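*Asks:*
And the structure:
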């Protein structure tokens with residue numbers, strides 16, 4: 666599986682699987698993902714401002730390892746099926762700005778409930 670990273674201002678934000686670079690670019694342009702990036706925050710700031718460019722690159726080994734570990738944990742917890750490769754692992758601590766006190770763990774559960782179909 667090829668793992669890619671969405672990068673904003675030089676910082677890896679989210680790791681995900683895609684078959685090709687074109688598929689990875691398409692996922693990052695997806696409106697639902699972009700909406701999530703504007704709602705979720707780290708350090709009190711949104712992950713994305715809606716304007717700044719989002720770059721796509723191959724994941725570094727440590728980022729791929731985080732994606733694989735996060736996906737394996739989601740499978741063990743029953744959040745996703747073993748064959749679901751559409752998992753997105755955020756590489757930064759998350760909060761959901763709609764519920765300012767929501768912990769990153771809860772934000773990830775919310776995302777798991779909204780998981781996307783594989784590309």
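Residue numbers (this note's numbering): 666 to 784. For glycine and all other residues, C-beta sits at the position ideal for the given N, C-alpha and C. Note that the structure is predicted; figures quoted are calculated from it, not measured.
(1) Would you check if there are 3 or more beta carbon pairs closer than 8 Å linking the segment 729 to 747 to the segment 690 to 700?
(2) On the CB-based measure, 16 or more other CB atoms within 10 Å of its CB, does residue 710 come out buried or exposed?
(3) Pick helix, strand or coil for residue 747, following the three-state DSSP scheme.
(4) What is the residue span of the alpha helix (DSSP H) that residue 716 lies within?
(5) If contacts are defined as beta-carbon pairs under 8 Å, then residue 678 and residue 723 qualify, I think. What distance do you get, rounded to the angstrom?
(6) Any idea what DSSP makes of residue 676, helix, strand or coil?
(7) When burial is assigned at 16 or more other CB atoms within 10 Å of the CB, is residue 666 buried or exposed?
(8) Count the other C-beta atoms from every protein chain shown that fall within 10 angstroms of the C-beta of residue 766, then say buried if there are 16 or more, exposed otherwise.
(9) Between 685, 680, 684, 687, which lies nearest to residue 702 when the distance is taken from Cα to Cα?
(10) If you draw a straight line from the alpha carbon of residue 799 to that of residue 696, how long is it in whole angstroms?
*Replies:* Reading it off the structure:
(1) no
(2) One-based indexing of the chain shown puts residue 710 at position 45. Exposed.
(3) In the chain shown, residue 747 corresponds to position 82, counting from 1. Residue 747 falls in the coil class under three-state DSSP.
(4) Against the chain shown, residue 716 aligns to sequence position 51. From DSSP, residue 716 is part of no alpha helix (DSSP H); its letter is neither H nor E.
(5) Against the chain shown, residue 678 aligns to sequence position 13. Against the chain shown, residue 723 aligns to sequence position 58. Wrong, their Cβ atoms sit about 15 Å apart, outside the cutoff.
(6) The sequence position of residue 676 within the chain shown is 11, counting from 1. Strand.
(7) In the chain shown, counting from the first residue as 1, residue 666 sits at position 1. Exposed, because fewer than 16 other Cβ atoms sit within 10 Å of the Cβ of residue 666.
(8) One-based indexing of the chain shown puts residue 766 at position 101. Unreliable placement is indicated for residue 766, whose pLDDT of 45 sits below 50; the coordinate value is still reported in the next sentence. Residue 766 comes out exposed.
(9) Taking the first residue of the chain shown as position 1, residue 702 is located at position 37. Closest option to residue 702, Cα to Cα, is 680.
(10) Residue 799 lies beyond the stretch modelled for the chain, which goes from 666 to 784, so this question has no answer here.
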